[in-house]
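Trainee: My numbering numbers the first residue of the sequence shown as 250 and each following residue consecutively.
Following this message is one structure expressed as structure tokens.
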Amino acid sequence: MDGGACQSGLRVFSASPGGHAIRLFLVVIVWMTTTVDPLRAVEPRIMKWTIEHVERDAIVYPPSAPRGRAGAPLVFVFHGHGDNAWFATEQFALQDLWPEAVVVYPQGLPTPAASDPRGERRGWQHQPGEVGDRDLQLFDAMLRSLRWRFRIDDRRIYAAGFSNGGFFDYILWARRAPTFAAFAPCAAALRPPLEISVPKPVLVVAGEQDQRVPFEEQRKNIETLRKINGCTGEGQLWESAATRYASPGGTPVVAYIHPYGHAVRRQAAELIVSFFQEHTLPK
């Protein structure tokens, strides 16, 4: 089912991630009237869920350009700790760079972190099982709803994220790998005890002056991802800005290293779209 005129209403679903049923209340669909790009043919919408008695929401950009026969690509973008979904829509702006895609910016909940031990700012779980896996449950609910609401190409589903949102990308990779065609974590790293066993195409964005996630940790993370993906050769220049490490299994690691700090720059977002467009799940 795809977008047309503005609608409102209530749909009740039952989802069962991890074998545990949850009730999903989907409020469909609220047109946003502020903070929109006037050049876009389709405005963002808010989708809401209640999971385990907690309301969750995401900003959803429907496609503003024709899709392929198989349906629209689907991209999830997770904001950093202390940020919010609206900030991420400007930070990444993938909806403008890939108008054929459905682009989803979920909103995190107040979450404890090393820089926020009282959990006063919004973010995402750092490891599987933390805070009742509430963010993995949110992902499962969102995916179920978006498949119902739009015609999604299941071979082209992707996740990007910044900082804490990038760490959550790695959780999705570890726990929901079969769903995704590729990942793009920015200013983040794979940290124990989380482990990844399924190779996947990945683009890593790292800043040499990053003070939040030290560059040395991110450099070692790139080496770890190369081992996971079976990238044994020398890197080659990719898109005039990044290094691509090829894999015999078709799961390359691309590293975009910039000379700045803890941030996502416009060029990084452009590279993310180019990278995602190169990768589709095999039939």
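Where is the CB? At the ideal position from N, CA and C, for every residue including glycine.
Please state whether DSSP places LEU439 in a helix, a strand or coil.
Mentor: Three-state result, LEU439: coil.
Trainee: Buried or exposed for SER394, going by 16 or more other Cβ atoms inside 10 Å?
Mentor: The residue in question, SER394, is buried, as its Cβ has 16 or more Cβ neighbours within 10 Å.
Trainee: Taking DSSP as the reference, what is the three-state secondary structure of TRP280?
Mentor: A caution first: TRP280 carries a pLDDT of 34, below 50, which makes its placement in the model unreliable, though a value can still be read off. TRP280 falls in the strand class under three-state DSSP.
Trainee: Start and end of the alpha helix (DSSP H) containing ALA409?
Mentor: That residue, ALA409, is in no alpha helix (DSSP H); its beta strand (DSSP E) goes 401 to 411.
Trainee: Since GLN356 contacts ARG367 with CB under 8 Å, what's their CB separation in whole angstroms?
Mentor: The Cβ separation is near 19 Å, so there is no contact.
Trainee: Under 9 Å, do GLU465 and HIS507 count as touching if we go by C-beta distance?
Mentor: For the 9 Å CB-CB criterion, GLU465 and HIS507 do not form a contact.
Trainee: One question on the structure: do PHE411 and PHE327 come within less than 9 Å of each other, judged by their Cβ atoms?
Mentor: yes
Trainee: Can you confirm whether the stretch 430 to 442 touches the stretch 519 to 531 when touching is taken to mean that 3 or more C-beta pairs between the two stretches lie within less than 8 Å?
Mentor: Taking 8 Å as the limit for Cβ pairs, the verdict is that the stretch 430 to 442 does touch the stretch 519 to 531.
Trainee: Using the C-alpha atoms, what's the distance from LEU387 back to TYR494?
Mentor: 33 Å
Trainee: Can you give me the C-alpha to C-alpha distance between ILE471 and LYS449, rounded to a whole angstrom?
Mentor: In a straight line, the C-alpha of ILE471 is about 13 Å away from that of LYS449.
Trainee: I need the straight-line Cα distance from VAL351 to LEU439, nearest angstrom please.
Mentor: Our two residues, VAL351 and LEU439, have alpha carbons roughly 27 Å apart in a direct line.
Trainee: What span of residues does the beta strand (DSSP E) with GLN485 cover, start to end?
Mentor: 485 to 487
Trainee: Within the continuous alpha helix (DSSP H) that includes ARG493, where are the two ends?
Mentor: Not the alpha helix (DSSP H): ARG493 falls in the beta strand (DSSP E), residues 491 to 494.
Trainee: Taking the alpha helix (DSSP H) that PHE525 falls in, what are its first and last residues?
Mentor: Start and end: 515 to 527.
Trainee: How about VAL502 and ARG475: are their beta carbons less than 9 Å apart?
Mentor: yes
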